[in-house]
Amino acid sequence: MKYIDEFRDGEVAKTLALKIARLAQPERSYSFMEFCGGHTHAISRYGLSDLLPPNVRMVHGPGCPVCVLPIGRIDMAIDLALKQGVILCTYGDTLRVPASEGLSLMKAKARGGDIRMVYSTLDALQIARDNPEREVVFFAIGFETTTPPTALAILQAHQEQLSNFSVLCCHVLTPAAISQILESPEVRQWGTVPIDGFIGPAHVSTVIGSRPYEFFAEEYRKPVVIAGFEPLDVMQAILMLVKQVNEGRAEVENEFARAVSRDGNQKAQDRVAEVFELRREFEWRGLAVVPYSALMIREKYGSFDAERRFKMDYQSVPDNKACECGAILRGVKRPQDCKIFGTVCTPENPVGSCMVSSEGACAAHYSYGRYKDMTP
Amino acid sequence: MKYIDEFRDGEVAKTLALKIARLAQPERSYSFMEFCGGHTHAISRYGLSDLLPPNVRMVHGPGCPVCVLPIGRIDMAIDLALKQGVILCTYGDTLRVPASEGLSLMKAKARGGDIRMVYSTLDALQIARDNPEREVVFFAIGFETTTPPTALAILQAHQEQLSNFSVLCCHVLTPAAISQILESPEVRQWGTVPIDGFIGPAHVSTVIGSRPYEFFAEEYRKPVVIAGFEPLDVMQAILMLVKQVNEGRAEVENEFARAVSRDGNQKAQDRVAEVFELRREFEWRGLAVVPYSALMIREKYGSFDAERRFKMDYQSVPDNKACECGAILRGVKRPQDCKIFGTVCTPENPVGSCMVSSEGACAAHYSYGRYKDMTP
Amino acid sequence: MIEVGCGPAGDWAIVDLGGVKKEISLALLDDVQVGDYVILHVGYALSKLDPQEAERTLALFSEMAESVAAAS
Amino acid sequence: MIEVGCGPAGDWAIVDLGGVKKEISLALLDDVQVGDYVILHVGYALSKLDPQEAERTLALFSEMAESVAAAS
Amino acid sequence: MSEVKRGYVRPLDLKHGRVDMTHGSGGRAMVQLISELFTRHLGNAYLGQGNDGAVLPAAVLNGKPARLVMSTDCHVVSPLFFPGGDIGCLSVHGTLNDVAVMGATPLYLAAGFILEEGFALAELACIVESMARAAHAAGVPVVTGDTKVVERGKGDGIFITTTGVGVLPDGLELGGARVRPGDVVLVSGSMGDHGVAIMSQRENLSFEASIESDTAALHGLIAQLLATGADIRCLRDPTRGGLASTLNEIAGQSGVGMMLHEKAIPIKPVVAAACEFLGLDPLYVANEGKLIVICAAADAPRLLATLRAHPLGVDAAVIGEVMADEHHFVQLTTAFGGRRIVDWLAGDQLPRIC
Amino acid sequence: MSEVKRGYVRPLDLKHGRVDMTHGSGGRAMVQLISELFTRHLGNAYLGQGNDGAVLPAAVLNGKPARLVMSTDCHVVSPLFFPGGDIGCLSVHGTLNDVAVMGATPLYLAAGFILEEGFALAELACIVESMARAAHAAGVPVVTGDTKVVERGKGDGIFITTTGVGVLPDGLELGGARVRPGDVVLVSGSMGDHGVAIMSQRENLSFEASIESDTAALHGLIAQLLATGADIRCLRDPTRGGLASTLNEIAGQSGVGMMLHEKAIPIKPVVAAACEFLGLDPLYVANEGKLIVICAAADAPRLLATLRAHPLGVDAAVIGEVMADEHHFVQLTTAFGGRRIVDWLAGDQLPRIC
Ligand code: SF4
Ligand code: SF4
Ligand SMILES: [Mg+2]
Ligand SMILES: [Mg+2]
Ligand SMILES: [Mg+2]
Ligand SMILES: [Mg+2]
Ligand SMILES: [Mg+2]
Ligand SMILES: [Mg+2]
Ligand SMILES: [Mg+2]
Ligand SMILES: [Mg+2]
Ligand SMILES: [Mg+2]
Ligand SMILES: [Mg+2]
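Residue numbers (full-length UniProt numbering), protein chains in the order written: chain L, 1 to 376; chain S, 1 to 376; chain E, 1 to 72; chain C, 1 to 72; chain P, 1 to 354; chain Y, 1 to 354.
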């Protein structure tokens, strides 16, 4: 597969690893946060941490779309399916995120909810066309990559006057999350986990471009390297971050220049701006309520807003007490620091959202990396 | 079972048989028509013809409710189920009656029609209550016995304002059918099958009483004996008919006096009169179009009339050319006179309606009596 | 007929036939008492059974039987 | 990207990835040509892949490799 | 760092849990369902092997290699729980009986479960326990199995397909084709109990009647019949389609006719009454613990005696004879003195009974 | 009076006909379906016996009584027809393979059909013909069967449960619990073909890829492996849950760990590409004609050679080793030089693949 296989070459990886090992200064330690779940997955899937020297440590960030959904948002979706009787369409991983009362969308489906996994908003629109007598709600989650398709779906529904279609909008914003982490008292105060730099998102950046990261680099003096999702991309980005740290630089560099420009995809940004506006505040799992960190549907398209249509109010629900997802999403704790990791909480019976998707830190560590925790 | 077992006593039957054999005059033959399918079934089920002398012959009449339904009426029901998407409720035997294009309600059900067998109009009402978002149509067939429950269902739906319930009314009238047979040119002209008397209906007569038969007895000089559905009732009625014929009488006698009065069930008649009025004409299978032989829903309850609600027109459809159901229903032919009896037409694959219900002449003969046709 | 007058409108009854109990409607028949026998059709009682007439009919059969027995 | 401009609005395309062909939407991306490589997400093309930049990145890897090889 | 506690698995929620699609995925959720429900209740050394199939001791009878008998039945009964039983014990009896009526000693059962998404684990547990009890009582283990989960609306709670294997001694030949004119037809008890018990639960019929399904394993009774050494031509359990359809099947296989005697056929009054209500003929109603025995006339009395001496055969009766008839009609002399055909069941307006 | 033409039955309408409830009633309509479809295509002397079960020759291998192996699988695959196969042949291969991986020679199959009201008889005929071809090619007859019909909306067209019986020579012991550290893991060919072929047909995925299911009967290949006399510990077909789940199962049974080598695992480029699209890992995708062989290290080379010499094993490869590990982890060295766990499949967002 062109432009994929070349970026997965194990031989090249070895040399990159060697280079990182040489550049990393033994007397200091490097902690880099990969913001994106896609990077988390690549790191675990390819066993990248085995290739890094012990003093270069990757910290998982809050960029797994399902991980940051608070329980109350899943509860709203379940309510739509079970109480309002809608056809609820959603992306696959969302199905297993734990909600209140031991439910999840998967379990709500087993209880009779008409919940359908879709691969694209186009599928959800088609389901709405095919079931004119039913209400069809698309449970829209994700960062800036999944937002433009949702915007297009609403524009399309508007044009077709598809009056049985609506969207439960839970789209969130990457820059707001990064700010929150950088301003989190824990992250700033807990001396043992300083973040020395960020691997910037791949797909998100194709949409928003590299410019939004310039603020962080300057304001918080943190180097950012935007990287593709392939393992060599990640290795290269780490190398570039080590260099910046060594050289005392804090710049935005673009390892993923083959797909990311400084300004991003203007057409996609326009569509998003047409349909959505900033939410005054939004609760994230692990990051608490973050001001202006999410999108809501504009008044003009209000008839496609499931929250308006079904007169729903968001109810905050506390996470399971034992669950450390919040600290993990902020990069303060690691999965293995959670007392119930791998026992009560497993991918089959996730207690927290980080145990659901393979982009979640706990699931990635459980599925790919927990051999490291074992006493040999 | 009290009042049932006593009327099925085989020992008594033997003495009744002996008595009939003695009374029946060897030089003449007796042909009696049992109007009702219930009697047809009893005769076959208990093997009554084995107990009769050869010159006493029973002729099956048109009193099997599903047998007299013309194809076009079943087509209307199928259309409601397949094209209008209603929940169609009907009594069991109706499911297998052949319709156009090789269909039946059973096959329409396999093709996706939501067709439900009910035991009572009460079930149909309940289905309508349970499915407020669906149209529910009760396919109402039968003679004067099933008409009062349909009338009650409409009155009840009216009272409850059950606006998704309606009735495809195919209720027919016994006296009109008997008249038609007596006035049928074939029956009157075809010298070989003179009808010497009638066994009058059991359950129908509990509703309409014995009075309506007095007209036939007088006008056409035919004895009528109303009989219960138990085998001894039938034997006794035959005995009474033989006597009347021998004595040259043509009276209405009531063997079923334990349940039938001269005036019938006035309450039931009132309910029927409240809801229904005479149809100007109705096509019967085998008897062609018979004037004033069926009921339709009065204007007042017109919103419960499926024909009005779904703007349906009755389309007459000719029977299968080979099928002799018409002649059989008029008593002119016997099942075994049909060329396709037992070969192309069997209870599994009925071609005509008489092969469907065990009250139908062909099905009764096929299922219970065809050993008699076999060369030994 | 083992129970009469149940249901909201009081026109329901429970009948017993050889140990099988079933709820039926009395909406088409007045004055039914516990102990009465009724003719049933599609869930409705259509008419009461007159025990005297039943006995008379049965007697007619027996009479026949006797007269035949006497004659043969 | 093996076919571009299908569908009623002309913003559909068929992509080929290692022998797998799939219909995707070009509604978020202009000026796509047959032969272009694109970044896909949930059925949409999000951006075009710049072959020169890709080569440059790959060259960067190789360069590293050489420099390491030379050093060791 | 807390070390992973090895082997810990949060147990199935047997009270409120439901089957979901992950239980059929081939992953750990499926393995958990199998071990906490199926293996736990049905467990035996064979099932415990946990391989793709069960390895079973050789098919040997009295030291000699014996022929095998194999039979399979899908069970789709609705409702799943009915007076006198449930789909679990029914699925054991239904297949054991098919093996046993061949004259074979049933040895092993396999069970395949098709579960509908949303099915309550509590009901599943009841059903599996009932299967386990039935298999245990019959002395025939469930040695292998399979579980699939289908989406809601693509199934009906649970379907169970069981397959039985048994051994048949050399020299014993039973079968529908071995019946000859002059043979005698017996039944082991009253007809129609199972079907009426099922129908009494059907929503829009729901009558009340003290009738239970007769579901039972017949191989014990059959072993006693075979031990008499009588000349048995054919054994069969009159399940779906009832006595009438089963006898028509045999008549066709052997190319004979039969004459039954209505008065001789045992039918419980309450079953007769329920059939009267529903307009059904009890001869077409299903049984799940009854046996048809067709034997040489001379052997009928002692087989009848053997039947009646067994708890499952107390109401046994001789109900008719086999005769030559090129039309293969099953006929009946009515209690009334008349005669009629007892034909195959035509159509079906009954609920799913097995 | 026209005499009844004996034996005449209007044939099934295989072109436009559909399954209706009467086909499951136990009456003549059901008998007709069985004879015109099932017996006609699957027909053999055993099935032709037409009794409640099939009487089968004794379980003897080389003149000695042999142990039996029994296995059952329910097949609920959707769609019913997919590139390279259909539910009919799949239901034959799926069960034959489970018997064969036990080391047994499959001898007999039983088949239970659960049909949904409305299912087209034409499709049913295609499926039964495909089963018949597969059974014929494998030399294993379907000796007994059962058919049930459920109401529309209570099934999904057709479910087929097959049960296989085979014989296992004395002395041959294979099983998931016999694997030891130092053993070698082989696969007979590329992983994930079947699952990707199924997914390519899924309505809202529907991608185009020239990939066919690998569904095939493996007992011929297995016989050749056994004939080498090599020390095979365990054979298994990595079906539902794919290679990953199957190896985890074995690791748990034997109490060992495994180390696989990503580069060594054969995966077709088109399968890799489809998995890339769908965000799946091919190690979790189902196969229906592939074999896992775990053997003593010394025997790996000749087993690999034997596999590669067979048409079903041309792409065979050694993919890893067994090692001691009290945690029973299956691990993998990535093509990248890293190391990770290959865990059980968790969750399931895949269509029904078997
Ligand atoms: S292991 Fe589970 S409970 Fe603990 S932090 Fe991770 S997701 Fe939350
Ligand atoms: S046998 Fe069939 S076709 Fe002939 S008259 Fe009777 S119902 Fe009609
Ligand atoms: Mg069977
Ligand atoms: Mg059975
Ligand atoms: Mg049987
Ligand atoms: Mg299996
Ligand atoms: Mg269902
Ligand atoms: Mg199996
Ligand atoms: Mg299998
Ligand atoms: Mg297997
Ligand atoms: Mg069967
Ligand atoms: Mg379906």
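Each residue gets a CB set at the ideal place from its N, CA and C atoms; glycine is no exception.
- For L:H158, the CB contacts under 8 Å within the same chain, skipping 5 residues up- and downstream, are Y301 and F304 in chain order.
- When Y:Q32, Y:G53, Y:G313 and Y:L307 are compared, the shortest CA-CA separation from P:L168 is found for Y:G53.
- Contact of Y:D20 with chain S by beta-carbon distance below 8 Å involves M106, K107, K109 and A110.
- Judged by beta-carbon spacing, S:F198 lies within the 7 Å limit of S:F35, meaning their Cβ atoms are closer than that value.
- Contact annotation for L:M374 against chain Y: H327 [CB-CB distance below 7 Å, chain order].
- Under the Cβ distance rule, P:G50 does not count among the residues neighbouring chain L, no pair being separated by less than 7 Å.
- L:S163: not part of any beta strand (DSSP E); DSSP gives it neither H nor E.
- The beta-carbon separation of Y:D237 and Y:N287, rounded to 7 Å, stays under the 8 Å limit for a contact.
- Counting only Cβ-Cβ distances below 8 Å, S:M58 has no contacts in chain P at all, with the closest Cβ about 12 Å away.
- Checking the DSSP bridge columns, you'll see Y:G313 has no partner listed.
- Y:H75: member of the beta strand (DSSP E) spanning R67 to H75, first to last residue.
- Taken in chain order, the members of the stretch 10-28 of chain C whose beta-carbon sits within less than 7 Å of a beta-carbon on chain Y are L17, G18, G19, V20, K21 and K22.
- When secondary structure is reduced to three states using DSSP, L:K267 falls in the helix class.
- One alpha carbon belongs to Y:D156, the other to L:D130, and they sit about 20 Å apart.
- Per DSSP, Y:H328 lies in no alpha helix (DSSP H) and is assigned neither H nor E.
- A direct Cα-Cα distance of roughly 24 Å separates S:G38 from S:R116.
- The beta-bridge partner set that DSSP reports for C:H41 consists of C:Y44.
- Every unbroken stretch of the beta strand (DSSP E) spanning 3 or more residues and falling wholly within the stretch 86-116 of chain Y is given here in chain order: 105-116.
- Interface flag for C:D50 against chain L is set, since a Cβ pair is found closer than 7 Å.
- Near ligand 6, meaning a Cβ closer than 5 Å to any of its heavy atoms, lie the following residues in chain order: P:D146 and Y:D73.
- About 35 Å separates the Cβ atoms of Y:V150 and Y:N248, ruling out a contact at the 8 Å cut-off.
- When 8 Å is used as the limit between beta carbons, L:D114 is near no residue of chain Y, the shortest such separation being about 14 Å.
- Measuring C-alpha to C-alpha distances from Y:P11 to each of Y:D20, Y:L33 and Y:M21 identifies Y:L33 as the nearest.
- Short of 8 Å from the beta carbon of Y:L304, and not among the five residues preceding or following it, lie these beta carbons of its own chain, in chain order: L186, A316, A317 and V318.
- If you draw a 10 Å sphere on the C-beta of S:A322, you find fewer than 16 other C-beta atoms in it, and that means exposed.
- Put simply, of S:R45, S:F139, S:I20 and S:L125 the residue whose alpha carbon is nearest the alpha carbon of S:P65 is S:F139.
- When CB distances to chain Y are screened at a threshold of 8 Å, the residues of the stretch 105-136 of chain P falling below it are Y108, A110, A111, G112, F113 and I114, in chain order.
- Note on Y:S210: under 16 other CB atoms within 10 angstroms of its CB, so exposed under the neighbour-count rule.
- DSSP places S:S31 in the strand class (E or B) of the three-state scheme.
- Using a Cβ-Cβ cut-off of 7 Å, C:G35 does not count as an interface residue toward chain L, since no Cβ of chain L sits closer than that to its own.
- A residue is called buried when at least 16 other Cβ atoms come within 10 angstroms of its Cβ; S:G63 meets this threshold and is buried.
- Between the C-alpha atoms of L:C89 and L:V118 there is a straight-line separation of about 6 Å.
- Taking CB atoms only, E:E53 has a neighbour in chain S less than 7 Å away.
- When DSSP reads this structure, Y:M259 sits in a beta bridge with Y:E321 and Y:Q331.
- When distances are taken from the beta-carbon of C:G19 to the heavy atoms of ligand 2, even the shortest one reaches 6 Å or more.
- Our two residues, S:A227 and S:R28, have alpha carbons roughly 24 Å apart in a direct line.
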